[in-house]
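Q:
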Amino acid sequence: MTAQLLQEAAQVIPNQQLLINVVSKRVRQLGMGHRPLVEASPRASLTDIALKEIIAGKLTFEAIVDEKETAA
């Protein structure tokens, strides 16, 4: 994983904990055989591929807000 990719992905998903969760879930999917959503060299790590997908806007996330918390 390159620091450059991590910095660029952090601009798309600024919350570090959320970024880690999105990347780790996508790495698991790629490891199970899902196809990359971006072009990747054969030697690219799964983490690099996941970060490139985030940077390219191919991966998104949806924040789930608990209604009880917003009512308080």
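Quick note, the sequence shown lines up with residues -1 to 70 if you use my numbering.
Just so you know, even glycine gets a beta-carbon here, dropped at the ideal spot from N, CA and C.
Scan the region 14 to 48 and note each continuous beta strand (DSSP E) run of 3 residues or more that stays entirely inside, going in chain order.
A: Taking only runs of at least 3 residues, no beta strand (DSSP E) segment lies wholly in the region 14 to 48.
Q: Is DSSP giving L57 helix, strand or coil here?
A: In this structure, L57 counts as coil in the three-state DSSP scheme.
Q: Out of curiosity, what's the CA-to-CA distance linking K56 and L44?
A: Near 15 Å, if we compare the C-alpha coordinates of L44 and K56.
Q: Nearest to I62 by alpha carbon, out of L16, Q5, E6 and L3?
A: Comparing Cα positions, the closest option is L16.
Q: In the DSSP assignment, the alpha helix (DSSP H) including V63 goes from what residue to what residue?
A: V63 -> no alpha helix (DSSP H), and no H or E assigned at all.
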